[in-house]
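Numbering (this note's numbering), first residue to last: 65 to 371.
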Amino acid sequence: MRRSLLALPLMCPAVAAAAPAEFILDTPNSFLTIGGNVAGAPITQQGAGSLRTTYVGNILANLSPGTIEFVGGSGDANVTGSWQPLPDGSLGSAPADYGGKFKVLIFFDAFFAIRDLVIAGTSGPLPLSGAGTFDSTGVTFTALRGDLAFNAAALSQMGASTLDGSAGQNQATSPGSITISPITNGATATLFVPALGAFVVNSATLGTATLTFTGQTQAHVSSIFGDASFDRTVDIGDFAILGSNFNLPGDWLAGDFDFTGTVGIADFAQLAANFNQSAPALPRGGAVPEPAAGLPLVTLLLRRRRR
Numbered sequence: 065m066r067r068s069l070l071a072l073p074l075m076c077p078a079v080a081a082a083a084p085a086e087f088i089l090d091t092p093n094s095f096l097t098i099g100g101n102v103a104g105a106p107i108t109q110q111g112a113g114s115l116r117t118t119y120v121g122n123i124l125a126n127l128s129p130g131t132i133e134f135v136g137g138s139g140d141a142n143v144t145g146s147w148q149p150l151p152d153g154s155l156g157s158a159p160a161d162y163g164g165k166f167k168v169l170i171f172f173d174a175f176f177a178i179r180d181l182v183i184a185g186t187s188g189p190l191p192l193s194g195a196g197t198f199d200s201t202g203v204t205f206t207a208l209r210g211d212l213a214f215n216a217a218a219l220s221q222m223g224a225s226t227l228d229g230s231a232g233q234n235q236a237t238s239p240g241s242i243t244i245s246p247i248t249n250g251a252t253a254t255l256f257v258p259a260l261g262a263f264v265v266n267s268a269t270l271g272t273a274t275l276t277f278t279g280q281t282q283a284h285v286s287s288i289f290g291d292a293s294f295d296r297t298v299d300i301g302d303f304a305i306l307g308s309n310f311n312l313p314g315d316w317l318a319g320d321f322d323f324t325g326t327v328g329i330a331d332f333a334q335l336a337a338n339f340n341q342s343a344p345a346l347p348r349g350g351a352v353p354e355p356a357a358g359l360p361l362v363t364l365l366l367r368r369r370r371r
């Protein structure tokens, strides 16, 4: 059995790469607070909570034994209130994700609002430690979309700009992490990424605006036994991963589906039982499945005691 499993990757040279895992943002635990300055003038809030919002959406990541690679997704900022100015920069208030103000000519307030902001994170392959942590500074945050309106009445200046394409390297000193926990019939992977950085926007009228951001994202994906990559389908790619790590120490990403710390015959049986099957769809914004009280002890005709 071991020989055939180890030979599987060689027998299947055309195994397609797994689809990215889609982590769904846990909205209350995914948030960014902005700050910074406009032409050197500190940004302050227009009202309580106007510079902090939560996000909905997803994170796409390629998972493999020992690495994680962020390949996109979209985090859509939630509206926090009605803030100045209007989308075209004229006087008035309208719903916005963020609302800030800053001083011009020392004494006078100028206002800005950010609307329809969508952010994604990308990276190259980042090594995972044995504890599932990774260097979060390897992630770059990019504004896929975002409208910026400003009004500085004291300068007779108003207008609108875009944040589209603005990017900032993560500077958070604490690591990110992925934690995989057993649930009934499978596992849940919880992803945590601390965030700290800045977008720089240049305006011909107001000068350079440095929009700092700080916060975090937390997201999860669940799947069934046998799905090593968490793409929610058990296929030949998962079989090849298990075969490459058979009888070796490893975690779920290497094929250890029974959480014993070693990839073995019971893991193969769990994969075989779900081969060519997909995990049930979860509703958007659904709760994270509860951890299992115990993992199944019977897999096909095999019984294996949990360690």
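For each residue, glycine too, the CB sits at the ideal point set by N, CA and C.
query, result
"Leaving aside the five residues before and after Ile244 along the sequence, list all residues of the same chain whose C-beta is less than 6 Å from its C-beta, in chain order.", "Ala251, Ala253 and Trp316"
"Starting from Ala330, trace the alpha helix (DSSP H) in both directions and tell me its first and last residue.", "Ile329 to Ala337"
"What do you reckon, are the CB atoms on Ile123 and Gly185 nearer than 8 Å?", "yes"
"Any chance the region 152-162 sits against the region 187-194, with 3 or more Cβ pairs inside 8 Å?", "no"
"How many angstroms separate the CA atom of Val143 from the CA atom of Ile300?", "43 Å"
"What first and last residue would you give for the beta strand (DSSP E) that runs through Asp140?", "Thr131 to Ala141"
"Helix, strand or coil for Asn249, going by three-state DSSP, please let me know.", "coil"
"Between which residues of its own chain and Gly328 is the CB-CB distance below 7 Å, once the five residues before and five after are set aside?", "Asn311"
"Beta-carbon separation of Leu169 and Ala218 under 8 Å?", "yes"
"So the candidates are Gly130, Ser200 and Leu115; which of them puts its Cα closest to the Cα of Gln148?", "Leu115"
"Whose C-beta lies closer than 7 Å to the C-beta of Leu150 among residues of the same chain, with five residues either side of it excluded?", "Gly156, Ala158 and Ala213"
"From Gly325, Ser94 and Ala224, pick the residue whose C-alpha is nearest to that of Ser154; which is it?", "Ala224"
"Tell me the start and end of each unbroken beta strand (DSSP E) in the region 206-282 that is at least 3 residues and wholly inside, in chain order.", "221-226, 231-233, 240-247 and 250-267"
"So for Phe87, helix, strand or coil by DSSP?", "strand"
"What do you get for Ser238, buried or exposed, if any count of 16 or more other CB atoms within 10 angstroms of its CB means buried?", "exposed"
"Closest by CA to Leu42, which one among Ile305, Leu335, Gln341 and Val102?", "As shown, the chain starts at 65 and ends at 371. That puts residue 42 outside it, with no answer to give."
"Using a threshold of 8 Å, state whether the C-beta atoms of Thr206 and Gly229 are closer than that.", "yes"
"Helix, strand or coil, according to DSSP, for Ile107 in the structure here?", "coil"
"Would DSSP call Pro149 helix, strand or coil?", "coil"
"Please work out which residues of its chain come closer than 8 Å, Cβ to Cβ, to Phe87, disregarding the five sequence neighbours upstream and downstream, and give them in chain order.", "Asn122, Ile123, Leu124, Ala125, Gly137, Ala253, Leu255, Ala283, His284 and Val285"
"What is the rounded straight-line gap between the Cα of Gly350 and the Cα of Val120?", "Low confidence applies to Gly350: its pLDDT is 45, below 50, so where it sits in the model is not reliable enough to give any reading."
"Quick check: what's the CA-CA separation for Leu335 versus Ser267?", "56 Å"
"Leaving out five residues on either side along the sequence, give the residues of the same chain with a beta carbon under 7 Å from the beta carbon of Asp152.", "Ala213 and Ala224"
"Let me check understanding here. Comparing Cα to Cα, which of Asp180, Leu227, Ile183 and Thr204 lies closest to Gln235?", "Thr204"
"Kindly indicate which three-state DSSP category Phe163 falls into: helix, strand or coil?", "Checking the sequence shown, residue 163 turns out to be Gly, not Phe. DSSP places Gly163 in strand when its eight states are reduced to three."
"Can you have a look at Pro344 and say buried or exposed, based on whether 16 or more other CB atoms are within 10 angstroms of its CB?", "exposed"
"Could you tell me how far apart the beta carbons of Gly139 and Ile183 are, in whole angstroms, since I believe they sit closer than 8 Å?", "5 Å"
"Quick check: what's the CA-CA separation for Asp180 versus Gly145?", "13 Å"
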